[in-house]
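S.K.:
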Amino acid sequence: MGRVGARHHQAGSAATLRTYDTDERDRMSYDDDLDRAMEAHYSGGDEDTVTAAEFKILRERLGVSGRWLADRVGVQDRQVRRWESGVAPVPADVVALIEGMDVAADKRADDIAREWRTGGPARMVSYRNDDEYWASDADAMERGEPASYYRAILGRVMAQGVTPIEYLPAEYDLDKT
1 MGRVGARHHQ
11 AGSAATLRTY
21 DTDERDRMSY
31 DDDLDRAMEA
41 HYSGGDEDTV
51 TAAEFKILRE
61 RLGVSGRWLA
71 DRVGVQDRQV
81 RRWESGVAPV
91 PADVVALIEG
101 MDVAADKRAD
111 DIAREWRTGG
121 PARMVSYRND
131 DEYWASDADA
141 MERGEPASYY
151 RAILGRVMAQ
161 GVTPIEYLPA
171 EYDLDKT
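Per UniProt numbering: the sequence shown = residues 1 to 177.
1) Run the CB neighbour count on ARG67, radius 10 Å, all protein chains shown included, and call it buried at 16 or more, exposed below.
2) Grab the span of the beta strand (DSSP E) containing TYR167 for me, first residue to last.
3) Let me know the alpha helix (DSSP H) ranges lying completely inside the region 84-121, each 4 residues or longer, listed in chain order.
4) I think VAL157 touches ALA113, with their Cβ atoms under 8 Å apart; what is that distance to the nearest whole Å?
5) From PRO121 to LEU154, what does the alpha carbon distance come to, in whole angstroms?
6) Taking the continuous beta strand (DSSP E) assigned at VAL125, which residues delimit it?
7) Do the region 72-82 and the region 127-137 make contact, defined as three or more Cβ pairs closer than 8 Å?
8) DSSP three-state call for ASP137: helix, strand or coil?
9) Is it the case that the region 139-154 contacts the region 52-65, given that we only count it when at least three CB pairs across the two stretches are under 8 Å?
10) Which of the three DSSP states is assigned to SER65 in this structure?
11) With VAL157 as the anchor, note down where its alpha helix (DSSP H) starts and where it stops.
12) So what does DSSP say about VAL50, is it helix, strand or coil?
13) Measure the C-alpha to C-alpha separation of PRO164 and ARG123 and round it to an integer number of angstroms.
14) Quick check: the Cα distance between GLU99 and ALA92, rounded to an integer number of angstroms?
15) Between VAL95, TRP134, GLN160 and ASP71, which lies nearest to ARG108 when the distance is taken from Cα to Cα?
16) Please list, in chain order, all residues of the same chain as GLU166 whose beta carbon is under 8 Å from its beta carbon, the five residues on each side excluded.
17) What's the gap between the Cα of ARG82 and the Cα of VAL162?
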């Protein structure tokens, strides 16, 4: 049973993403993807904006709560609700964060699906909560990435035909991997 968790950890680990292919784009880590997306966003000169509806759709597509986003960008929960209702414009740096996370999620989903197709684990593993996820992937804990974000990535993996995806078995002890 340890092989499933260990193999999964390799599929979800930012450090391991660098070993999939020789193509530079495929070797980029999650943080590199996010940095590159934010750089592209700010280098355009024009302030790119999203509508309130687009912003909420992006946040929900990423599987992150309004509270998580508020904590991440240092505002109150109600400010995120104001952005999503159109009462206040979404700051460019927050748009860049969400768009960068979306780009990174697509890349991670592609990397996971590619690994699965080329002899990866027989099944994909998801997590019920943040504690399970963080015990399996210390990088995710360091980034403050919630399990819901990883589940959203796995939703993109499912859309590519990769199944089954199951919860980590309750009897699996992550401390022994």
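We put the CB at the ideal spot given by N, CA and C, even for glycine.
Everything numeric in this text was worked out from a predicted model, so none of it was measured.
M.R.: On the basis of the coordinates in this document:
1) exposed
2) 165-167
3) 92-117
4) 5 Å
5) 14 Å
6) 124-126
7) no
8) coil
9) yes
10) coil
11) 147-159
12) coil
13) 6 Å
14) 10 Å
15) GLN160
16) ARG123, MET124, VAL125 and SER126
17) 37 Å
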